[in-house]
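Residue numbers (this note's numbering): 1 to 516. The structure appears below as structure tokens.
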């Protein structure tokens, strides 16, 4: 027992102090067929929507669920917001961050996991680096993060678990401040819920910043915003997908459905690397869609079925979604809170080269360590459709976005099939698929004029002969040689009329299956 609880709980049955460990993890995927190098890359989690209530031997230890932001001495009323900021770096051969370098590289198609670096040789008595009991100390704001996953015994640590809502301040009952005492034979279980924090305006945001070009000042290059729309929106959304609120570890149906106090005990002079009795009980995730979502009852690979290769792709500059009214199945990312079985091994699977899983799943069973979604044209452009490899649907400033917009007839479920532009509460939505095909194929007459020479053309034609042939084709179609404007109008009219009719022929694209 560490102080001051050792003095407060003296002559009581409570010999231990209950602690919470938590750590953010980032998995990055390079979707392109070329290597990517990043400088000063930082990922921030802002207003993490998680709250906890601890039950000890049948008694709740706090009057309500305590948000993670309020498990600190100086923020018990939630007047400040908590930020987890990871500065991504390479690591040295001894497993420490390379502080002399602010760059790292992802190979073509590579999937790599990053987690905060905490000195594994520290213990609670030398806890300054990871003891997160004062929000004002900003311990989690600027963390060095390196490739790899050290395990669920390594994380930031706090014991102010009841905030300012501890059921009583009776030391003989194992209570002091916001801390909870633990006896050898106590039966412990926890309940947790996703919460909408008032400071966050019912939103959870993840920002990515980096130095771009010759600039040394990092700027935000990507942002994901989850808008729950109401204080109970996130609970309603996850609860509507087959989850009972509040969520509990161990589950009520488990035998036994509690953890005994002595099963959690590690000593305060044990080094971080030697902590072994922790119990991993919850995982909050914002994850890109994979092709395995909604197929497994465990929901490890995602709770929602979707079409990530068509329109719900994650390679975008920014994403905002109204989780409840528009539903996450229609977007590139989904949010979820899942109860773990005491270990995150199935949910967090990592290879010795620090690679995670993506593309076909988020686990080692279904996912892959490498996977290319976009092939950038490295030679002179051969076809307009090859521009899909440059991800034209991900760079637009408007929703919704398509993975492969050029040369397809998809109707995105977020926009009415009969409209090219639709105004919604989040702004104007554009039918990128139709508009890009209109601009590249139907807005002008595209014909290659290269000479057809060599053994593969019968008969071969010179450039002049091909030009005359194109003139003849236009006249045959009833369009004069000098009628380019008329030709565009004719094509536009046909496509606009067809737009209202063609999409209902693809009912499977209107709404993805929702499971879970």
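All C-beta atoms, glycine included, are put in the ideal place defined by N, C-alpha and C. These figures come from a predicted structure and were not determined experimentally.
Label residue i either buried or exposed according to how many other C-beta atoms from any shown protein chain fall within 10 Å of its C-beta, with 16 as the threshold for buried.
i, result
"residue 37", "exposed"
"residue 97", "buried"
"residue 538", "A question about residue 538 goes unanswered here, because the residues of the chain that appear run from 1 up to 516."
"residue 251", "exposed"
"residue 224", "buried"
"residue 235", "buried"
"residue 336", "buried"
"residue 489", "Low confidence applies here, because residue 489 scores a pLDDT of 33, under 50, leaving its location unreliable and the question unanswered by this model."
"residue 381", "exposed"
"residue 182", "buried"
"residue 7", "exposed"
"residue 304", "buried"
"residue 57", "exposed"
"residue 185", "exposed"
"residue 248", "buried"
For the alpha helix (DSSP H) that contains residue i, what are its first and last residues?
i, result
"residue 233", "233-239"
"residue 7", "5-8"
"residue 436", "432-437"
Compute the beta-carbon to beta-carbon distance between residue i and residue j, rounded to the nearest angstrom, for a pair I have assumed lies under 8 Å.
i, j, result
"residue 167", "residue 63", "6 Å"
"residue 81", "residue 42", "Contact flag wrong, Cβ pair sits at about 17 Å."
"residue 400", "residue 436", "At roughly 13 Å, the Cβ-Cβ gap does not stay under 8 Å, so residue 400 and residue 436 are not in contact."
"residue 162", "residue 136", "In fact, because the Cβ distance is near 20 Å, the residues do not count as touching under 8 Å."
"residue 301", "residue 362", "5 Å"
"residue 50", "residue 192", "7 Å"
"residue 194", "residue 238", "6 Å"
"residue 203", "residue 147", "Their Cβ separation, rounded to whole angstroms, is 30 Å, which puts residue 203 and residue 147 out of contact at 8 Å."
"residue 207", "residue 316", "The pair is not a contact, with the Cβ atoms about 14 Å apart (cut-off 8 Å)."
"residue 111", "residue 356", "5 Å"
"residue 153", "residue 278", "5 Å"
Where do the ends of the beta strand (DSSP E) carrying residue i lie?
i, result
"residue 29", "26-29"
"residue 337", "333-342"
"residue 208", "203-210"
"residue 192", "187-193"
"residue 300", "Neither: residue 300 is in no beta strand (DSSP E) and is coded neither H nor E."
"residue 217", "No beta strand (DSSP E) contains residue 217, which DSSP labels as neither H nor E."
"residue 84", "83-88"
"residue 525", "Outside the displayed range of the chain (1 to 516) lies residue 525, so it cannot be described from this structure."
"residue 161", "Segment: none, residue 161 is in no beta strand (DSSP E) and carries neither H nor E."
"residue 21", "20-22"
"residue 310", "Premise fails: residue 310 is in no beta strand (DSSP E) and is neither H nor E."
Just list the beta strand (DSSP E) runs in the segment 95-143, keeping only unbroken ones of 3 residues or longer that don't cross its boundaries, in chain order. 103-106, 111-116
Note down, one range per segment and in chain order, each alpha helix (DSSP H) of at least 4 residues found wholly within the segment 225-292. 233-239
Quick check: the segment 230-240 against the segment 274-282, are there 3 or more CB pairs under 8 Å? no
Complete runs of the beta strand (DSSP E) confined to the segment 28-64 [at least 3 residues]: 36-39, 42-46, 51-56
Just list the alpha helix (DSSP H) runs in the segment 343-427, keeping only unbroken ones of 4 residues or longer that don't cross its boundaries, in chain order. none
Are three or more beta carbon pairs between the segment 251-262 and the segment 97-113 nearer than 8 Å? no
Take every Cβ of the segment 263-278, pair it with every Cβ of the segment 120-136, and state whether three or more of those distances are shorter than 8 Å. yes
So does the segment 391-398 actually touch the segment 415-433, counting three or more Cβ pairs closer than 8 Å? yes
Specify whether the segment 64-80 and the segment 334-352 touch according to this definition: at least 3 beta carbon pairs, one from each stretch, less than 8 Å apart. no
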